[in-house]
Amino acid sequence: MNTPTCGDSRIDDRTGADTRADVQQSAVRSYYGETLRSSRDLRTTACCSIGAMPAHLATILARLHPEVRDRFYGCGSPLPPALGGASVLDLGCGSGRDVYLLSALVGESGRVIGVDMTEQQLEVAERHRAFHARAFGHARSNVEFHRGDLADLTALGIGNASVDVVVSNCVMNLVPDKRRAFAEIFRVLKPGGELYFSDVFSDRRLPRELLADPVLLGECLAGALYVEDFRRLLAGLGVADARVCARSPIALTDAAIERKIGFANFESITWRAFKLPLEDRCEDYGQVATYLGTLDEYPHALDLDDHHHFETGKPLRVCGNVADMLGGSRYAAHFRIDGDKRRHFGLFDCAPAAGAVAVPGAKASCC
Ligand SMILES: C[S@@+](CC[C@H](N)C(=O)[O-])C[C@H]1O[C@@H](n2cnc3c(N)ncnc32)[C@H](O)[C@@H]1O
């Protein structure tokens, strides 16, 4: 067995890497283009373990075309707040379920770009563009789809610093060159822009051999990132502080799959990370943030992550990174930040929320 090292090098080493990547991508295309016909064909809960959707999203979901709803293979709900007028890029958009939810959320003045490499998935998504523009009362569709590799967005004409938000739902685990894919994301995000994505993560590095199993790969397990390697990968790209927004365990309900890969534990995790120059630890500058209650769908409170719950009008002491995330992004209009970074009080005294469950071996996201 090959011994993987950190940073997902099991698929980064160059000897034969291109061939392996091609084989992996064609297996994924075949799984999502031919093997699967609807969410019901999935063999584990990996690609469909979604928590309860907030009411305003459930209302939009009910208005989507049934064929688009039926071909949802995501593992979370990567739909952040404050999207009105935003440009959003959905990587591995599949048949477009999240793209069309986002279409309603960004509104007519916003724009949603879906990217996927599987023709059959995009064919379904494209077919229902006019239907959704009509359903949301848009004079013309604010959605476009591009076929190609999400690890090469330049080839699709997506420029540097051109989008406000990047989302993705259960896709990165399928991508051979994850480092390149995340580098592309932070290239195309505007300064202060946000990556908000859900994916399958494992509690350990998985043997590379398992990538050759089309079912384990297609079911979003064999390519799952070890959560600590994900943090290292982001750190290597200059992204020092990513936050966990939601997480849920994945059950291996199929006996054959359990036998092959049941030695590891899997979770669906939704992360957010900003294109901002943040510090690698949470530092205390005596700053305080107050949510103004100005987002229509969140009148009473807004969560930044699994341990920052901002009640409307209630000041909360925050570290420098949180102050920058809120004050340096599109959330700035919805927060008052008191204090600046002129005076430093040492490391921020922080702890994850009581009851928060840590991925075994993972550092809880700080403060
Ligand atoms: C598990 S499905 C999720 C689809 C969609 N996000 C959803 O929630 O229904 C994964 C999708 O990622 C796409 N995909 C995987 N690797 C890709 C890559 N390198 N470039 C573009 N699309 C990719 C597949 O074609 C497939 O449609």
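So the sequence shown is residues 1292 to 1658, counted in the working numbering. Beta carbons: idealized from backbone N, C-alpha and C, even for Gly.
task = Tell me whether the beta-carbon of Ala1424 lies closer than 9 Å to the beta-carbon of Val1434.
result = yes
> How big is the Cα-Cα spacing for Val1457 and Thr1544?
Replying inline: 31 Å
Original post:
Quick one: what does DSSP say Tyr1364 is sitting in, helix, strand or coil?
Top reply: coil
C-alpha distance - Pro1357 paired with Tyr1589, whole-angstrom precision
If you take the alpha carbons of Pro1357 and Tyr1589, they lie about 28 Å apart.
| Which stretch, first to last residue, makes up the alpha helix (DSSP H) that contains Lys1551? | 1546-1552
Review point. Cβ-heavy atom distance between Met1616 and ligand 1 below 8 Å?
Key: Not under cutoff, so the answer is no.
Ordered along the chain, which non-local residues of its own chain (more than five positions away) have a Cβ less than 6 Å from that of Thr1581? Pro1606, Arg1627
_Using only CA atoms, which one of Trp1562, Gly1514, Gly1448 lies nearest to Ala1555?_
Closest option to Ala1555, Cα to Cα, is Gly1514.
Exercise for review: Measure the Cβ-Cβ separation of Leu1508 and Tyr1322 and say whether it is below 9 Å.
Suggested key: Going by C-beta atoms, Leu1508 is nearer than 9 Å to Tyr1322.
TODO: Could you pull the start and end residues of the alpha helix (DSSP H) that Asn1612 belongs to?
DONE: 1611-1618
* Confirm, please, whether the CB-CB distance from Leu1567 to Ser1620 is below 9 Å. => yes
*Buried or exposed: His1635, going by 16 or more other Cβ atoms within 10 Å of its Cβ?*
exposed
### Query
In this structure, does DSSP put Phe1636 in helix, strand or coil?
coil
Since Leu1595 and Val1613 should fall inside the 8 Å C-beta cutoff, what is the C-beta to C-beta distance between them, to a whole number of angstroms? Right, their Cβ atoms sit about 7 Å apart.
Exercise. Can you tell me which of the three DSSP states Glu1519 falls into?
Key: helix
Check: Do the region 1537-1551 and the region 1459-1478 make contact, defined as three or more Cβ pairs closer than 8 Å?
Finding: no
Return the chain-ordered list of same chain residues with a C-beta closer than 8 Å to the C-beta of Ser1432, the five sequence neighbours on each side being excluded. Ser1394, Arg1420, Ala1421, His1423, Ala1424
Item to check | Distance cut-off 8 Å: Ser1493 Cβ against heavy atoms of ligand 1 | outcome: no
Item to complete: Inspect the beta-carbon positions of Ala1564 and Asp1597 and report whether they are closer than 9 Å.
Response: no
- Which partner residues does Ser1459 have in the DSSP bridge list? Leu1382, Phe1488
* For Gln1411, I'd like the list of residues in its chain whose CB is within less than 8 Å of its CB, leaving aside the five on either flank, ordered along the chain. => Cβ contact annotation for Gln1411 (same chain, cutoff 8 Å, sequence separation greater than five): Tyr1323, Gly1324, Glu1325, in chain order.
Requested in this report: Please look up how many angstroms separate the CB atoms of Leu1392 and Leu1352, rounded, as I've assumed it's under 8 Å.
Outcome: 7 Å between Cβ atoms; contact.
Between Val1518 and Asp1494, which are expected to be in contact by the criterion C-beta below 8 Å, what is the C-beta distance as a whole number of angstroms?
7 Å
- Query: Ordered along the chain, which non-local residues of its own chain (more than five positions away) have a Cβ less than 7 Å from that of Val1535?
  - Reply: Ile1560, Trp1562, Asp1596, Asp1597, Ser1656
Checking the sheet assignment: what are the DSSP bridge partners for Gly1630?
Note: Gly1630 sits in no beta bridge, so no partner.
*Taking all protein chains shown into account, decide if Asp1407 is buried (16 or more other Cβ within 10 angstroms of its Cβ) or exposed.*
buried
Q) Among residues of its own chain, excluding the 5 on either side of Cys1297, which ones have a beta-carbon nearer than 6 Å to its beta-carbon? A) Summary for Cys1297: the model assigns pLDDT 34, below 50, so the residue's position carries little reliability, and this model does not support an answer.
- Task: Check whether the region 1326-1333 touches the region 1478-1490, counting contact only when three or more Cβ pairs, one atom from each stretch, lie closer than 8 Å.
- Result: no
Checklist entry - In chain order, what residues of the same chain lie with their CB nearer than 7 Å to the CB of Lys1469, ignoring the 5 residues before and after it? => result Excluding sequence neighbours, Lys1469 sits near Asp1299, Met1463, Leu1516, Leu1524.
| task | State the Cα-Cα distance for the pair Asp1443 and Ala1472, rounded to the nearest angstrom. | result | Looking at the two C-alpha atoms, the distance is approximately 7 Å.
_Can you tell me which residues form a DSSP beta bridge with Phe1565?_
Glu1485
Query raised in the report: Relative to the alpha-carbon of Ser1489, which residue among Arg1499, Arg1402, Asp1381, Leu1497 has its alpha-carbon at the smallest distance?
Result: Asp1381
Within 10 angstroms of the Cβ of Ser1459, are there 16 or more other Cβ atoms? Answer buried if so, exposed if not.
buried
Next on the checklist: Once the 5 residues before and after Pro1540 are set aside, which same chain residues still bring their CB inside 6 Å of it?
Outcome noted: Glu1558
Q. Cα separation between Gly1401 and Gly1375?
A. 7 Å
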